[in-house]
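Sequences listed follow chains X and G, in order. With the first letter of the first sequence counted as 1, position 100 gets the number 100 in the numbering used here; the numbers rise by one all the way through. With the first letter of the second sequence counted as 1, position 111 gets the number 248 in the numbering used here; the numbers rise by one all the way through. The C-beta atom is built at its ideal place from N, Cα and C for all residues, glycine as well. Taking it in order: structure first as structure tokens, then the write-up.
2 protein chains.
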Amino acid sequence: MVELQAAQLDSIFHALGDATRRQMLRDLSEGERTVGELAQPFAISLAAASKHIKALESAGLIRREVRGRTHHCRLEPGALASAHAWLSFYQRFWSERLDRLERLLREETARETLSPKTLSPKTLSPKKQSPKKGEDR
Amino acid sequence: MVELQAAQLDSIFHALGDATRRQMLRDLSEGERTVGELAQPFAISLAAASKHIKALESAGLIRREVRGRTHHCRLEPGALASAHAWLSFYQRFWSERLDRLERLLREETARETLSPKTLSPKTLSPKKQSPKKGEDR
Chain X
1 MVELQAAQLD SIFHALGDAT RRQMLRDLSE GERTVGELAQ PFAISLAAAS KHIKALESAG
61 LIRREVRGRT HHCRLEPGAL ASAHAWLSFY QRFWSERLDR LERLLREETA RETLSPKTLS
121 PKTLSPKKQS PKKGEDR
Chain G
138 MVELQAAQLD SIFHALGDAT RRQMLRDLSE GERTVGELAQ PFAISLAAAS KHIKALESAG
198 LIRREVRGRT HHCRLEPGAL ASAHAWLSFY QRFWSERLDR LERLLREETA RETLSPKTLS
258 PKTLSPKKQS PKKGEDR
């Protein structure tokens, strides 16, 4: 994992914390865009769009290139990879949850296969029911 | 991928955009912590720490439980998984870059193998055994 300076991760996550900027990144995933093209889908001024683009640029999420009078923007995947890598550290936590859920589902399926009577409530046999929680034995 | 409301992703990424809050999450990855324990490593007031914890909580990144007079915090992996999933969309971009880099390195290695002139003089010797030091012939 590329260990970034805390300040860099701060600015990456800060830039991602805005739906307009995330949409701009999504647009850029389809290819290069001019500043005007990036601003176009939003009901915001070009100045406001430019501020968003600057936030993305200073976080290293996009690169801007000036050709003639036009500013062209391009996705910079490295910064996204760093944020992704930071989050990947926690992957085991949600994986563990999914594993538990999968195990429960498997056990549920196994029980249903073993006792087909429990498949529909109509055929449910009352004999097989286990004592309810808190019931005295 | 779990598609979250934009506002939820906003608050998740916003909460992650601060080194103190990221460190708190890292601490919570080792187990449950009280608010006091979470605040302890930082030179900040308990009120400031509490504000950070609230940001994490409202983003759904942690869960707080009150037992007696103590607030216990725990990692909530679902929100981290959502941010990770959002970023995974872009994985192909940095994968493509890594693939290109790998291909270049492979080509470089292939060239070096084909033209042994570029190898170091030590590995150029075709002899399998060099005479031992001090051995007379």
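Chain-ordered neighbours of residue i on chain G, where CB pairs are closer than 7 Å
i: R97 (chain X); result: P214
Paired residues, beta bridge with residue i - DSSP
i: I199 (chain G); result: G:L212
i: R204 (chain G); result: G:T207
i: R33 (chain X); result: X:C73
Local Cβ density within 10 Å of residue i, reported as buried at 16 or more and exposed below that
i: R100 (chain X); result: exposed
i: L162 (chain G); result: buried
i: R211 (chain G); result: exposed
i: A39 (chain X); result: buried
i: S22 (chain X); result: Before going on, a small fix: residue 22 (chain X) reads as Arg here, not Ser. The residue is buried, with at least 16 neighbouring Cβ atoms inside 10 Å.
i: S45 (chain X); result: exposed
i: P263 (chain G); result: Only weak support exists for where P263 (chain G) lies, its pLDDT of 49 falling under 50; the value from the coordinates is given anyway. The residue in question, P263 (chain G), is exposed, as its Cβ has fewer than 16 Cβ neighbours within 10 Å.
i: R170 (chain G); result: buried
i: S95 (chain X); result: exposed
i: G139 (chain X); result: Outside the displayed span of chain X (1 to 137) sits residue 139 (chain X), for which this structure offers no information.
i: A180 (chain G); result: exposed
i: S115 (chain X); result: exposed
i: Q129 (chain X); result: Since pLDDT at Q129 (chain X) reaches only 47, below the 50 mark, its modelled position is unreliable, and the value read off the structure follows with that caveat. When all chains shown are included, Q129 (chain X) counts as exposed.
i: A196 (chain G); result: buried
i: L80 (chain X); result: buried
i: T123 (chain X); result: Its pLDDT being 46, under 50, T123 (chain X) is placed unreliably in this model, and the value from its coordinates should be taken loosely. T123 (chain X) is exposed by the Cβ-count criterion.
Per-residue contacts from residue i into chain X (C-beta, under 8 Å)
i: D147 (chain G); result: G17, D18, A19
i: A185 (chain G); result: By Cβ distance, chain X contributes nothing, its closest Cβ being about 16 Å from A185 (chain G), past 8 Å.
i: S166 (chain G); result: F89, Y90, F93
Beta-carbon separation (whole angstroms), residue i vs residue j, contact threshold 8 Å
i: L198 (chain G); j: E174 (chain G); result: Contact doesn't hold; Cβ gap of about 17 Å is too wide.
i: S219 (chain G); j: L146 (chain G); result: 7 Å
i: A192 (chain G); j: A152 (chain G); result: 5 Å
i: H221 (chain G); j: S88 (chain X); result: 7 Å
i: E194 (chain G); j: R204 (chain G); result: 16 Å between Cβ atoms; not a contact.
i: F150 (chain G); j: F13 (chain X); result: 5 Å
Proximal residues of chain G, C-beta to C-beta of residue i below 8 Å
i: H14 (chain X); result: F150, H151, G154
i: A110 (chain X); result: Correct list: empty, because the minimum Cβ distance to chain G is about 27 Å.
Chain A contact for residue i (CB, 8 Å cutoff)
i: L146 (chain G); result: Here chain A cannot be found, since the structure's protein chains are X and G.
Please name the residues in the segment 205-231 of chain G whose beta-carbon is closer than 8 Å to at least one beta-carbon of chain X, in chain order.
Those would be L212, P214, G215, L217, A218, A220, H221, W223, L224, S225, F226, Y227, Q228, F230, W231, in chain order.
Please list the residues of the segment 193-204 of chain G that have a C-beta atom closer than 8 Å to any C-beta atom in chain X, keeping them in chain order.
none
Return the residues of the segment 171-182 of chain G that lie within a Cβ-Cβ distance of less than 7 Å from chain X, sorted by chain order.
Residues: none.
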